[in-house]
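The structure appears right after this line, and notes come after that.
Shown next as structure tokens:
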């Protein structure tokens with residue numbers, strides 16, 4: 001349940017030691033593509049000191065002001081709350097409480113992340129602590145499906161055809177993003193589940 005993400009996180013991180021890595025992803029529309037060793041190796045490339053790393057996507061959905069977003073080095077520019085990783089500590093507890101407060105006030109969970117990432121004034125009343133949010137612009141950990149060759153939505157995909165090309169992303173059971181040249185750990189079908197069955201047989 002989307003509205004339960006924040007409160008569930010508050011309860012869960014109280015049970016794990018500081019310094020432990022925590023990954024949180026949506027359930028029925030997410031594939032896990034690589035093993036724990038590969039995941040740990042990828043995450044080593046990010047500085048998670050005081051920072052929560054979120055999935056980046058091409059769609060500015062549920063954001064109150066898309067213009068507040070900084071430029072991105074790829075076409076994946078906007079936060080998606082369907083996947084994140086953090087290293088537990090005080091900043092993680094502060095984030096979980098802030099996110100929970102925002103959600104319980106009636107805000108969409110993804111809109112809350114937009115607030116926190118962009119420093120939007122509407123989110124300041126929910127914030128506690130000094131946590132930071134970063135985005136996985138190069139899709140090393142998380143791959144969003146919206147607007148990509150993976151989902152091929154006719155209203156979105158043509159805008160990014162130059163980056164994605166027409167060659168299938170999965171070769172020999174391995175998914176490679178042609179724009180970022182990365183092999184993500186998680187694949188999130190956030191644009192719809194139409195192609196989930198197709199990839200069950202390939203990944």
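In the UniProt record's numbering, the protein residues as written are 1 to 203.
Beta carbons: idealized from backbone N, C-alpha and C, even for Gly.
Original post:
So residue 55 packs on residue 80, CB below 8 angstroms; how close in whole Å?
Top reply: 4 angstroms
### Query
Is the stretch 7-14 in contact with the stretch 100-119, if contact means three or more CB pairs nearer than 8 angstroms?
yes
Could you tell me which of 19, 52, 74, 70 sits nearest to residue 179, measuring between CA atoms?
74
inquiry  = DSSP has residue 54 in a bridge; who is on the other side?
reply    = 84, 135
Q) To which residues does DSSP link residue 74 through a beta bridge? A) Its beta-bridge partners do not exist; DSSP assigns none.
Open item on the list: Check whether the stretch 136-145 and the stretch 180-190 touch, using three or more Cβ-Cβ pairs below 8 angstroms as the test.
Closed with: yes
Just mark residue 96 as buried or exposed, buried being the case when its beta carbon has 16 or more other beta carbons within 10 Å.
buried
Practice item. Please determine, among 188, 52, 37, 175, the residue with the shortest C-alpha to C-alpha distance to residue 27. Key: 188
| field | residue 30 - DSSP class collapsed to helix/strand/coil | value | strand
DSSP has residue 79 in a bridge; who is on the other side? 56
- prompt: From residue 72 to residue 105, what distance separates their C-alpha atoms?
  reply: 30 angstroms
Worksheet entry | Separation of residue 197 from residue 30, as counted between CA atoms | 12 angstroms
**Request:** Return helix, strand or coil for residue 113, following the three-state DSSP convention.
**Result:** helix
Review point. With a CB to CB cut of under 8 angstroms and the five nearest residues on each side skipped, what residues in its chain are close to residue 193?
Key: 28, 29
_Distance CB(residue 22)-CB(residue 86) smaller than 8 angstroms_ = yes
Quiz prompt | Nearest candidate by alpha-carbon position, reference residue 47, set 133, 58, 129, 107 | solution = 133
Give me the Cα-Cα distance between residue 143 and residue 169, rounded to the nearest whole angstrom. 12 angstroms
Same chain, Cβ closer than 7 angstroms to residue 204, neighbours up to 5 away in sequence not counted = Outside the displayed span of the chain (1 to 203) sits residue 204, for which this structure offers no information.
*Should residue 63 and residue 78 be called a contact, given that it needs their Cβ atoms to be closer than 8 angstroms?*
yes
Checklist entry - Nearest to residue 199 by alpha carbon, out of 4, 33, 20? => result 33
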